[in-house]
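Chains as they are written, first to last, in the numbering used here: chain W, 9 to 207; chain F, 9 to 207.
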């Protein structure tokens, strides 16, 4: 039987990562999140920090700006962004072949779009609820939580659109989308674990 | 205690109406769908057919085209579309005051945006699944099911944007969005009835 995968796309501060981990724990499968970066680093030969910085967490430039101005890999001729994307794609496709698991972020929903046994999830919440959460989880910063959220949302949106040519956060792109701020993290976990068990 | 409302926005052919009815049956509350048109007709003094035709089912003109070219009510000075909208808004706000219920369509999610005890649901499915369903439910027509779906999607999108100034089908606008084609109607009903009971 084909492995069963849950992909979780999530707005920054929505608790999507926590939901992914709790669902995986409940189901006795693995949740790939920061480990994905390690795997992509190992696949590409680039450092974890470099990948992290180049993908979602670039602080001073938009992701698209980075993509356009970044260097090229001498061997493949690919831009660094494309080179990372190919490594990421390979890692995610191999994971799906290897085991049932939860994968958080990294456009896994798009990369696994032709993989039948995949539940595509999107987790979001209001700006207010997310601001509250990021201050609680990551602490205060010089920038307001609202500004941090807006920057992250913009980068994730650009990144997703650049590689997938579809809109991040459009309900049609997911099998289920949940407002974790209104429904609560525990209810989201219940629904997703329940779906995995019954489908 | 405040009444509890479930609003269901749905893509044409996604089974959203059926899901609304089954959820309501399961919970022992009423589902307002075509009855809403009757109530709006009674509130506005316009005929059911006229309202239906003017809102989503105008066949030869886009909804926006109708809105721009339609007549005005002599007493209020409102365009017919605005006049219907105000009647619709009044009917939906009164329903929420009167009883716990499910409301399908009619931008009820937007109209009840400040109403706390409201679960906002969006039901969608792939073009393929919806085409299959509308042929099964409504029969063959001269136009292909794909063409019928595209026309309806476009009209509902325009209608929603015109009155709410937000995007129809954007996951952030709903508490839960479900792909009924992949999850199945019964599973969608289970999840929604479960949420109503536990929240």
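Using N, Cα and C, we set each Cβ at its ideal position, and we do this for glycine too. Predicted model only: the values in this text are computed from it and were never measured.
Closer than 6 Å: residue i CB and nearest the ligand ZN heavy atom
i                      : result
residue 168 of chain F : With respect to small molecules bound, the structure shown includes none, and the ligand ZN cannot be examined in it.
Beta-carbon separation (whole angstroms), residue i vs residue j, contact threshold 8 Å
i                      : j                      : result
residue 59 of chain W  : residue 49 of chain W  : 6 Å
residue 133 of chain F : residue 19 of chain F  : 7 Å
residue 142 of chain F : residue 21 of chain F  : 4 Å
residue 201 of chain W : residue 34 of chain W  : 4 Å
residue 123 of chain F : residue 172 of chain F : About 15 Å; that fails the 8 Å criterion.
residue 120 of chain F : residue 199 of chain F : Not quite, the Cβ-Cβ distance comes to about 20 Å (not below 8 Å), so this is no contact.
residue 176 of chain W : residue 165 of chain W : 5 Å
residue 129 of chain W : residue 182 of chain W : 6 Å
residue 206 of chain W : residue 195 of chain F : 7 Å
Cβ-based neighbour list, residue i, same chain, cut-off 6 Å, excluding 5 preceding and 5 following
i                      : result
residue 44 of chain F  : 114
residue 28 of chain F  : 16, 39, 110 and 112
residue 67 of chain W  : Here residue 67 of chain W scores only 35 on pLDDT, less than 50, and its place in the model should not be relied on; the value that follows carries that caveat. None.
residue 197 of chain F : 27, 30 and 31
residue 23 of chain F  : 188 and 193
residue 161 of chain F : none
residue 125 of chain W : 10 and 12
residue 54 of chain W  : none
7 Å CB neighbourhood of residue i in its chain, flanking five on each side removed
i                      : result
residue 51 of chain F  : 95, 98 and 99
residue 135 of chain W : 154 and 157
residue 25 of chain W  : 18, 41 and 112
residue 46 of chain W  : 56
residue 191 of chain F : none
residue 101 of chain W : 119
Residues bridged to residue i (per DSSP)
i                      : result
residue 187 of chain W : W/132
residue 178 of chain W : F/178
residue 127 of chain F : F/14
residue 40 of chain F  : F/111
8 Å CB neighbourhood of residue i in its chain, flanking five on each side removed
i                      : result
residue 138 of chain F : 19, 20, 21, 22, 153, 157 and 189
residue 174 of chain F : 118, 168 and 181
residue 107 of chain F : 11, 37 and 38
residue 93 of chain F  : 171
### Task
Determine contact between the region 138-158 of chain F and the region 179-193 of chain W, defined as no fewer than three beta-carbon pairs at a distance below 8 Å.
With the cut-off at 8 Å, the region 138-158 of chain F and the region 179-193 of chain W do not touch.
#### Entry: Residues from the region 169-188 of chain W in contact with chain F, defined by Cβ distance under 9 Å
Here the close residues are 175, 177, 178, 179, 180, 181, 182, 183, 184, 185, 186 and 187.
### Task
Check each residue of the region 30-52 of chain W: if its Cβ is closer than 7 Å to any Cβ of chain F, include it; give the result in chain order.
Taken residue by residue, none of the region 30-52 of chain W has a beta-carbon sitting less than 7 Å from a beta-carbon on chain F.
### Query
If contact means a Cβ-Cβ distance below 9 Å, which residues of the region 190-204 of chain F contact chain W?
Closer than 9 Å at the C-beta level to chain W, one finds these residues of the region 190-204 of chain F: 190, 191, 192, 195, 198, 199, 202 and 203.
### Task
Taking a Cβ distance cut-off of 7 Å, strictly less, list which residues of the region 118-148 of chain F are near chain W, in chain order.
The residues in question are 130 and 132.
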